[in-house]
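Counting from 6, one number per residue, gives the positions in the sequence shown under this note's numbering.
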Amino acid sequence: MSDIFHFLTSDDLRVLAEKARRITYAAGEVVLSEGKEAPGIFVLRSGRMKVEKRLFNPPVLIAALGPGEVFGEMSFVDSHSISASVVAMEVSEVDVLEKAEVFALLASVPGLSSRFYQSLALKLSERLRATTDSLAGL
6 MSDIFHFLTS
16 DDLRVLAEKA
26 RRITYAAGEV
36 VLSEGKEAPG
46 IFVLRSGRMK
56 VEKRLFNPPV
66 LIAALGPGEV
76 FGEMSFVDSH
86 SISASVVAME
96 VSEVDVLEKA
106 EVFALLASVP
116 GLSSRFYQSL
126 ALKLSERLRA
136 TTDSLAGL
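If you want it as structure tokens, here you go:
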């Protein structure tokens, strides 16, 4: 989890890990459905996932995710519905940080909120840069 949450302390990571719920998904199983509400932030522990826009036929592949990647963070930050579906490409284990649990921790652990959101901002910035480079053909 430390690669994803770059600015968190070891104590921050420990308390988040204690609250995480591990779920195993089968190949082809939809983890998040486009247009639905996200229950929290997901951290891919093992396996592979694909992110796709399913409003199109056939669905359009947006990204492939591997171990250590985070997803569901956009909906966590902006409280909008999920912008793209996430589907397991193979048997995959995911740690889920439920919204209510995270919000409670952010309110109760001094400094966690700023470190947590700074980490998410960095991850979102990295993704936007990669998308921009991809669209530009770089």
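The beta-carbon is built from N, C-alpha and C at its ideal position, and this holds for glycine as well.
For E39, same chain residues with a beta-carbon under 6 Å away, outside a window of 5 residues either side, are R59, I87, A89, S90 in chain order.
Less than 8 Å separates the beta-carbon of K104 from that of G45.
Scanning A93, F61, L125 for the CA closest to the CA of D83 turns up L125. Straight-line spacing of the CA atoms in R134 and V56 works out to 17 Å. Going by beta carbons, F47 and G71 fall outside the 8 Å limit.
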